[in-house]
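Q:
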Amino acid sequence: MIPLSWYLIFSAALFSIGLFGVLARKNVIGMLMGVELMLNAVNINLLAFWSYLYAGVNGLVFVAIVFVAAAAEVAVGLALIISIYRRKRTVVPDEVDGLRG
Amino acid sequence: MSGMQIVFLVAAAITLVSAVLVVTLRRTMSSALLLVLTLLGVSVLFVLLQAQFFAVVQVLIYIGAVATLILFVVMLTRSVMDTSEPQVHKNWWLAALVSLVVFVALVVTLSSWQAFPQVQRAIPADSGENLAALGKALVDPNGFALPFEVASILLVATMIGAVYIASERKGEE
Numbered sequence: 003m004i005p006l007s008w009y010l011i012f013s014a015a016l017f018s019i020g021l022f023g024v025l026a027r028k029n030v031i032g033m034l035m036g037v038e039l040m041l042n043a044v045n046i047n048l049l050a051f052w053s054y055l056y057a058g059v060n061g062l063v064f065v066a067i068v069f070v071a072a073a074a075e076v077a078v079g080l081a082l083i084i085s086i087y088r089r090k091r092t093v094v095p096d097e098v099d100g101l102r103g
Numbered sequence: 250m251s252g253m254q255i256v257f258l259v260a261a262a263i264t265l266v267s268a269v270l271v272v273t274l275r276r277t278m279s280s281a282l283l284l285v286l287t288l289l290g291v292s293v294l295f296v297l298l299q300a301q302f303f304a305v306v307q308v309l310i311y312i313g314a315v316a317t318l319i320l321f322v323v324m325l326t327r328s329v330m331d332t333s334e335p336q337v338h339k340n341w342w343l344a345a346l347v348s349l350v351v352f353v354a355l356v357v358t359l360s361s362w363q364a365f366p367q368v369q370r371a372i373p374a375d376s377g378e379n380l381a382a383l384g385k386a387l388v389d390p391n392g393f394a395l396p397f398e399v400a401s402i403l404l405v406a407t408m409i410g411a412v413y414i415a416s417e418r419k420g421e422e
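One line per chain: the protein sequences are A and B, in this order. Counting along the first sequence from 1, when you hit position 91 you're at 93 in my numbering, and nothing is skipped either side. Counting along the second sequence from 1, when you hit position 38 you're at 287 in my numbering, and nothing is skipped either side.
1) For L282/B, tell me which candidate among I255/B, L318/B, V296/B and G410/B has the shortest Cα-Cα distance.
2) In chain order, what residues of the same chain lie with their CB nearer than 8 Å to the CB of V44/A, ignoring the 5 residues before and after it?
3) Would you check whether the ligand NAP has a heavy atom nearer than 7 Å to the C-beta of F397/B?
4) Going straight from the alpha carbon of I414/B to that of A81/A, what length do you get?
5) List the residues of chain A that S348/B touches, going by C-beta distances under 8 Å, in chain order.
6) What are the residues of the segment 272–299 of chain B that lie near chain A, defined by any Cβ-Cβ distance shorter than 8 Å?
7) Over what stretch of residues does the alpha helix (DSSP H) that includes M324/B continue unbroken?
8) What is the DSSP secondary structure of V337/B, counted as helix, strand or coil?
9) Our contact map puts W341/B next to A26/A with C-beta atoms below 8 Å; I'd like the distance itself, whole angstroms only.
10) For the segment 35–55 of chain A against the segment 287–298 of chain B, are there 3 or more C-beta pairs whose distance is under 8 Å?
11) Around the Cβ of F321/B, are there at least 16 other Cβ atoms within 10 angstroms (buried) or fewer (exposed)?
12) So who's on the other strand from R27/A, going by DSSP bridges?
13) Starting from A81/A, follow the alpha helix (DSSP H) in both directions and report where the run begins and ends.
14) Which residues, taken in chain order from the segment 313–344 of chain B, show a beta carbon closer than 7 Å to some beta carbon of chain A?
15) Would you say M35/A lies against chain B (beta-carbon separation less than 8 Å)?
16) Between the segment 30–39 of chain A and the segment 70–81 of chain A, can you find at least three pairs of beta-carbon atoms closer than 8 Å?
17) Against S251/B, what residues of chain A qualify as contacts under a CB-to-CB distance less than 9 Å, listed in chain order?
18) With respect to the alpha helix (DSSP H) encompassing L383/B, which residues constitute its N-terminal and C-terminal limits?
19) According to DSSP, simplified to helix, strand and coil, what is I414/B?
20) Please check if any C-beta of chain B sits within less than 8 Å of the C-beta of G32/A.
21) What residue range is occupied by the uninterrupted alpha helix (DSSP H) comprising G290/B?
22) Which residues in the same chain have their Cβ closer than 7 Å to the Cβ of V271/B, if we skip the five residues on either side of it in sequence?
23) Please name the residue, chosen from V30/A, S7/A and G20/A, that lies closest to T105/A on a Cα-to-Cα basis.
24) Please check if any C-beta of chain B sits within less than 8 Å of the C-beta of L101/A.
25) Is the Cβ of E38/A closer than 8 Å to any Cβ of chain B?
26) Does the segment 339–353 of chain B touch the segment 305–313 of chain B, meaning 3 or more C-beta pairs lie closer than 8 Å?
27) Run down chain B in chain order and give the residues with a C-beta less than 9 Å from the C-beta of V59/A.
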């Protein structure tokens, strides 16, 4: 029997690692991978509460919607990266400063 | 310590170590490949949570689609980043501090929850998700038909938007 706290502490750790990736990475693809880690941590949290506290269908729908949102986010994000790479030959967000006044 | 706990600890350790490598490695290709290992570890935890269906969905969507897409983009945009210089900002310690504060705050909040140790598993040990109920709830007007349709519109908009943004247009620049 695995305590619920293990799952929650694990997902907190995974979320923090992803947050570090988003904040510290120079490469925008690395930042996107950090976002994926954070979304996975959220999904573990949702499924842990579904499994331990609220064994209905609501938590599962929430997880499915998070999957859809993650897929949509990564598809549009990578399309933007390709587009920016084609014009500016860079994947570093700091070098994309066309809107700076 | 039961067998399930050992499986959990091994999977969690592998997942966390590979997640740390994903955000710290210099070569983006290596971290994209380690992202696959991390997602696989998360799907092992889904199985331990009795969510077999979502473990399969995790492998199909995250590893099959998302990680593959990331790998392709890494290969398309290779040769831009110089891997000899560090891949993190020079004030990365600030990011590490923020992440550490978030982690400690989450753990402190969790440990202040009174009912925490007594929580028992709500679903029986040998059953998974009730997929028939999930499918019915997704198309039930009194259930989640509206979020379901919104999600499908989001996916269509994503598809059109991604094709439009990434397509090469002549006579521009």
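C-beta: ideal position from N, C-alpha, C; glycine also. Note that this is a predicted model, so its numbers are computed, not measured.
A: The relevant details are as follows:
1) L318/B
2) S13, F17 and V68
3) In the structure on display, the ligand NAP does not appear, and there are no ligands present to speak of.
4) 6 Å
5) S18, I19, L21, F22 and L25
6) V272, T277, S280, A281, L284, T287, L288, V291, L294, F295, L297, L298 and Q299
7) T317 to L325
8) strand
9) Right, their Cβ atoms sit about 4 Å apart.
10) yes
11) exposed
12) Per DSSP, V337/B.
13) N60 to K90
14) Of all residues in the segment 313–344 of chain B, only A314, V315, L318, I319, V322, V323, L325, T326, V329, M330, Q336, V337, H338, W341 and A344 place a beta-carbon less than 7 Å from a beta-carbon of chain A.
15) yes
16) yes
17) Within chain A, the residues M3 and I4 have their CB atoms less than 9 Å from the CB of S251/B, given in chain order.
18) L380 to V388
19) helix
20) yes
21) Membership of G290/B in the alpha helix (DSSP H) is indicated by the continuous run T277 to L297.
22) These residues qualify, in order along the chain: S280, L283, L284 and T287.
23) Missing from the structure shown is residue 105/A; chain A here goes from 3 to 103 and no further.
24) no
25) Output row for E38/A: interface = yes.
26) no
27) E378, N379, A382, L383, K385, A386, L387, G392 and F393
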